[in-house]
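Trainee:
Numbering (full-length UniProt numbering), first residue to last: 1 to 647.
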């Protein structure tokens, strides 16, 4: 969006800090309180939508009610007309530092670091939950580590008070959120509560420990499918050296059934602090499931998408075996997979996923690793182990085409004899076709590319063409290129040419010249002139100095004030040559006038300003005092300092 220079005649916008699905965040200067702040502006297209306006205002109200060191503070909210559109804005604390997303670009840190980061997140969530607010969008990009080492949670972008009865994550048949951190209930479009935030925090902790979220996939829907149907593997299965106690914390937070998760942020934080203190956490007794059968290609963890809600509607036929499909528009297939697996989950309950906890009946069997087998081989192997088999369609993955990609439940999961194992076949390696976005507004181009799971980098290039500012001039890779999900597309965007630096010239030294000659010399040098008269020892009409002083570099066309003597005051005798001269009281007078008066008496003047004595004085600045002070006598040509108020 093309942002104004200021918002509400108070906040001067200095540059874009980031962009989200709803808003753009700018670094700004608060003119009234002289401090840096972050200003969030609702995107222009959404500002015309009353539904999004209401959601944006609700965000402001939610965040403004929180006052805690671990929560980015909200200072002000309002609405301003930007390019003819009433646009809501939020003014927030500007916290200098890095987001966990930025820090993770260098890879995961030691387990202690990840635990400490999540302890700070849970401190913020504990406070927010106590005030009836669920964040709903915990992810690395929304957690800041400040320069002082403080963890701060920001962007309650889709937070709503829990007291809003019946509020769910469904909106126009969509689930709103970042797929890699969605809780199962969010993916299904169900009511969320505080434990949904704890699931997302578990996803965050998993990524801080391993460098990747617990579930990845080729599309947001594929990731949501895994959140709903698959058990996560312990982080220690991916990164050696992670203690089992830490695995236990992550797996408890990632329980599919929210009743089996931590029941409060304080409870999860207590377990983390126990591990940091060398004690055993309460979650240590929870059994850890085996890692998933096969790793899926990673999609960028920062990609936010709008997901269709996963429903539990039963299907009336078994999915047939699917031949390799085009690499585009696989959404219907994935939705079919989700519907099939969830129909089984609804019909059979959690028994098939979690086993029989009663301790009675026939012993459970372990789902075999079928990845890489052909359909016939997988069916024979599963039947030999006493499992029922269903085909769940196909999807891109690293397994060879027409072989098993993954199973649900995952390999290593224990289920009862005769339990159903769904086979997801491979349609070949994943790739994305880059669309043609040259000529599009950069906001629209970014949205289209990120929806395909691609990262976007903007390079702004000033140009004199007639193309509107913010238009994509070029892209790399070009249109129709086949790239892996998570690849970076660089967009060259038309920017406004920076203003030219004004040309400067030295101010001519015209001291001692008659006013007319001095003025002519300044005009010839390209300057505008002003005049300031003051009594002094010099003859009337003689220039005693200029502001800026002679020799100073000054913009051509800028104003130069000539300080002109009106001669000695009536009745005042000029001092005898060589006699000390008394410094007059010039406090409160404009600098230009005071400076002229002192120079007219033969003093060598030097300006300084308050509170920064390294700066000079402007002609209109008021003089505070002189050094030496008024009343003292100084030899002709002696130095007198004028101290001014700046501004």
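Note that CB positions come from ideal geometry on N, CA and C, so glycine has one too. Just so we're clear, the structure is a prediction, and the values are computed from it rather than from any experiment.
Which first and last residues belong to the beta strand (DSSP E) in which residue 506 is found?
Mentor: 504–506
Trainee: Note down the Cα distance separating residue 235 from residue 250, rounded to an integer number of angstroms.
Mentor: Here the alpha carbon of residue 235 sits roughly 8 Å from the alpha carbon of residue 250.
Trainee: Count the other CB atoms, across all protein chains shown, that sit within 10 Å of the CB of residue 130; report buried if there are 16 or more and exposed otherwise.
Mentor: exposed
Trainee: For residue 426, count the other beta carbons within 10 Å of its own beta carbon; 16 or more makes it buried, fewer makes it exposed. Which is it?
Mentor: buried
Trainee: Taking the C-alpha atoms as reference points, what is the distance between residue 90 and residue 5?
Mentor: 16 Å
Trainee: Which two residues bound the contiguous alpha helix (DSSP H) that contains residue 127?
Mentor: Segment 111–130, the alpha helix (DSSP H) holding residue 127.
Trainee: Go ahead and label residue 259 buried or exposed: buried means 16 or more other beta carbons lie within 10 angstroms of its beta carbon, across all protein chains shown.
Mentor: exposed
Trainee: When the Cα atoms are used, what is the spatial distance from residue 209 to residue 71?
Mentor: 23 Å
Trainee: For my contact list, residue 181 and residue 200 are in at a C-beta cut-off of 8 Å; report their separation, rounded to the angstrom.
Mentor: 4 Å
Trainee: Quick check on residue 136: buried or exposed, where buried means 16 or more other Cβ atoms within 10 Å of its Cβ?
Mentor: buried
Trainee: Excluding the five sequence neighbours on either side, which residues of its own chain have a C-beta within less than 7 Å of the C-beta of residue 518, listed in chain order?
Mentor: Leaving aside the five residues that flank residue 518 on each side, the residues in its chain whose CB is nearer than 7 Å to its CB run, in chain order, 510, 543, 562.
Trainee: Just grab the DSSP bridge partners of residue 26 for me.
Mentor: 16, 39
Trainee: How far does the beta strand (DSSP E) with residue 531 in it reach, from first residue to last?
Mentor: 528–534
Trainee: Give the C-beta separation of residue 373 and residue 403 to the nearest angstrom, bearing in mind that I take them to be a contact with Cβ-Cβ under 8 Å.
Mentor: Contact between residue 373 and residue 403 holds: CB atoms are separated by about 6 Å, below the 8 Å threshold.
Trainee: Helix, strand or coil: how does DSSP classify residue 414 here?
Mentor: strand
Trainee: Report buried or exposed for residue 323, applying the criterion of at least 16 other Cβ atoms within 10 angstroms of its Cβ.
Mentor: The pLDDT assigned to residue 323 is 32, lower than 50, so where the model puts this residue is not dependable; a value taken from the coordinates is nonetheless given after this. It is exposed - the Cβ of residue 323 has fewer than 16 other Cβ atoms within 10 Å.
Trainee: Taking only three categories from DSSP, how would you classify residue 466?
Mentor: coil
Trainee: Should residue 289 be labelled buried (16 or more other beta-carbon atoms within 10 Å of its own) or exposed?
Mentor: Residue placement at residue 289 cannot be trusted, given a pLDDT of 43 that sits under 50; what the coordinates show is reported in the next sentence. Flag for residue 289 reads buried.
Trainee: Using the C-alpha atoms, what's the distance from residue 96 back to residue 148?
Mentor: 9 Å
Trainee: Extract the residue ranges of the beta strand (DSSP E) inside the UniProt domain "PASTA" (577–646), only unbroken runs of 3 or more that lie entirely within it.
Mentor: 604–610, 623–627, 639–645
Trainee: I need the DSSP call for residue 229, collapsed to helix, strand or coil.
Mentor: helix
Trainee: Determine the direct distance from the alpha carbon of residue 382 to that of residue 204, and round the result to whole angstroms.
Mentor: 35 Å
Trainee: Kindly list the residues whose CB is nearer than 8 Å to the CB of residue 584, restricted to its own chain and excluding five residues on each side of it in sequence; keep chain order.
Mentor: 597, 598, 601, 630
Trainee: For residue 152, does the three-state DSSP call read helix, strand or coil?
Mentor: strand
Trainee: Tell me which residues share the same chain as residue 401 and place their Cβ nearer than 8 Å to its Cβ, disregarding the 5 neighbours each side in the sequence.
Mentor: 324, 426, 427, 428
Trainee: Output needed for residue 624: all residues of its chain with C-beta closer than 8 Å, excluding positions within five of it in sequence on either side, in chain order.
Mentor: 587, 610, 643, 644, 645
Trainee: Going by C-alpha to C-alpha distance, which of 73, 634, 556 sits closest to residue 582?
Mentor: 634
Trainee: Examine the Cβ distances between the stretch 255–269 and the stretch 114–125 and report whether three or more of them are shorter than 8 Å.
Mentor: yes
Trainee: For a test of the three-state rule: what should DSSP assign to residue 238, helix, strand or coil?
Mentor: coil
Trainee: With residue 14 and residue 33 assumed to form a contact (beta carbons below 8 Å), what rounded beta-carbon distance in angstroms separates them?
Mentor: So it is not a contact: roughly 15 Å between Cβ atoms.
Trainee: What is the rounded straight-line gap between the Cα of residue 185 and the Cα of residue 215?
Mentor: 15 Å
Trainee: Mapping DSSP to helix, strand and coil, what is residue 691?
Mentor: With the chain running from 1 to 647 in the structure shown, residue 691 is simply not present.
Trainee: Hey, could you find the ends of the beta strand (DSSP E) residue 78 is sitting in?
Mentor: 74–82
Trainee: Identify the residues that DSSP records as bridge partners of residue 138: which are they?
Mentor: Looking at the DSSP assignment, residue 138 forms no beta bridge with any residue, so it has no partner.
Trainee: Can you tell which of 567, 512, 536 has the C-alpha that lies nearest to the C-alpha of residue 546?
Mentor: 512
Trainee: Which of the three DSSP states, helix, strand or coil, is assigned to residue 287?
Mentor: Bear in mind that the predicted position of residue 287 carries a pLDDT of just 41, short of 50, making it unreliable; the figure below should be weighed with that in mind. It is coil, neither helix nor strand.
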